[in-house]
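Q: Using my numbering, the first residue of the sequence shown is number 1237, and each one after it goes up by one.
For every residue, glycine included, the Cβ atom is placed at its ideal position computed from N, Cα and C.
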Amino acid sequence: MITLEKRPSLTTADPTGELLPVMEHFYTLQGEGVYTGAAAYFIRLGGCDVGCVWCDVKDSWPIDTHPVFSIAEIVATVLATKAKIVVVTGGEPLMHPLGALTEALLAVGIRTHIETSGAGTMSGTWSWVTCSPKKFKPAQDEVLFAADELKMVVYHKSDLAWATSFVPKLKPNAVLLLQPEWSKRDEMLPLIIDFVQQNPEWRVSLQTHKWIGIE
Ligand code: SF4
1237 MITLEKRPSL
1247 TTADPTGELL
1257 PVMEHFYTLQ
1267 GEGVYTGAAA
1277 YFIRLGGCDV
1287 GCVWCDVKDS
1297 WPIDTHPVFS
1307 IAEIVATVLA
1317 TKAKIVVVTG
1327 GEPLMHPLGA
1337 LTEALLAVGI
1347 RTHIETSGAG
1357 TMSGTWSWVT
1367 CSPKKFKPAQ
1377 DEVLFAADEL
1387 KMVVYHKSDL
1397 AWATSFVPKL
1407 KPNAVLLLQP
1417 EWSKRDEMLP
1427 LIIDFVQQNP
1437 EWRVSLQTHK
1447 WIGIE
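1) Would the beta-carbon of Thr-1296 be found less than 7 Å away from any heavy atom of the ligand SF4?
2) Look at Ser-1359 and Lys-1373 and say whether their C-beta atoms are less than 8 Å apart.
3) Run through DSSP, which three-state label would Ile-1321 get?
4) Could you check if Ser-1419 belongs to the surroundings of the ligand SF4, using beta carbon to heavy atom distance under 7 Å?
5) Do you know how far the Cα of Lys-1407 is from the Cα of Val-1311?
6) According to the Cβ coordinates, are Thr-1348 and Val-1322 closer than 8 Å?
7) Determine which residues share a DSSP beta bridge with Ser-1401 and list them.
8) Indicate, with yes or no, if the ligand SF4 has a heavy atom lying under 7 Å from the CB of Glu-1260.
9) Tell me which same chain residues have a C-beta within less than 8 Å of the C-beta of Gly-1335, skipping the five on either side of it?
10) Out of Gly-1356, Gly-1267, Phe-1278, which one is the CA nearest neighbour of Ile-1346?
11) With distance defined between alpha-carbon atoms, name the residue in Lys-1320, Ala-1275, Val-1258 nearest to Ile-1307.
12) Looking only at DSSP bridge pairs, what is Phe-1533 linked to?
13) Can you look up Gln-1433 in the DSSP assignment and give me helix, strand or coil?
14) Going along the chain, which residues put their C-beta within less than 6 Å of some heavy atom in the ligand SF4?
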């Protein structure tokens, strides 16, 4: 990240959204969902209060342990690459107001994608919204209705029925995705494949970046 000045950590989200804690950022390929295979710049914001037991990015949970960047610094960093898509993820990115960041990215021709559990207040102007509800903190209806894709992580077979409970809260053309939780993939994938064959409005989503060994 191009850093213009050293700043103290944030202890809570900046209400203006001008300063954001960034746990990590990298230019890679989107590994999941409808945009699988597309080049994308990932920005992982610090802060998550959802508490999934199987979370593979627990270091993202605190807000105050990550370097703090301005929107200008984030945009300059993205523009130093050929990225046309920025994926804002976390942590739970909706712990932060994201209007200013998304407007700045859109102003320079970058698509704005978000990956959220939905357990936060909707903010920002998004080209693509991925909502992945978790059992540990409920997704908000406004986020579910904004979702372009619903991506359900399947950790237990009962998650398949739970996934269908969200469909009435989505807009009609939202893409429905079932993704095996990585550590349970051998157990859950056959169940998901069978479910999708019986319920073809759903699709399988795989964490292809993990299968092919990229970040
Ligand atoms: S919402 Fe995401 S970052 Fe937060 S605990 Fe769950 S998996 Fe981890």
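A: The answer reads as follows:
1) For clarity, residue 1296 is Ser in the given sequence; the question names Thr instead. For the ligand SF4, at least one heavy atom lies less than 7 Å from the Cβ of Ser-1296.
2) Between Ser-1359 and Lys-1373, the gap from beta carbon to beta carbon reaches 8 Å or more.
3) Three-state result, Ile-1321: strand.
4) Flag unset: Cβ of Ser-1419 not near the ligand SF4.
5) If you draw a straight line from the Cα of Val-1311 to the Cα of Lys-1407, it is about 31 Å long.
6) With respect to Val-1322, Thr-1348 sits close: the two C-beta atoms are nearer than 8 Å.
7) In the DSSP output, where bridge partners are listed per residue, Ser-1401 has none listed.
8) Incorrect: Glu-1260 has no Cβ contact closer than 7 Å to the ligand SF4.
9) These residues qualify, in order along the chain: Gly-1253, Ser-1359, Gly-1360, Thr-1361.
10) Of the candidates Gly-1356, Gly-1267, Phe-1278, the one whose C-alpha sits nearest the C-alpha of Ile-1346 is Phe-1278.
11) For Ile-1307, the closest of Lys-1320, Ala-1275, Val-1258 by C-alpha to C-alpha distance is Val-1258.
12) Nothing in the structure corresponds to residue 1533, since the chain is present only between 1237 and 1451.
13) In this structure, Gln-1433 counts as helix in the three-state DSSP scheme.
14) Here the residues close to the ligand SF4, judged by CB distance below 6 Å to any of its heavy atoms, are Cys-1284, Val-1286, Gly-1287, Cys-1288, Cys-1291, Val-1293, Ser-1296, Gly-1326, Gly-1327, Glu-1328, Ser-1353, Lys-1370 in chain order.
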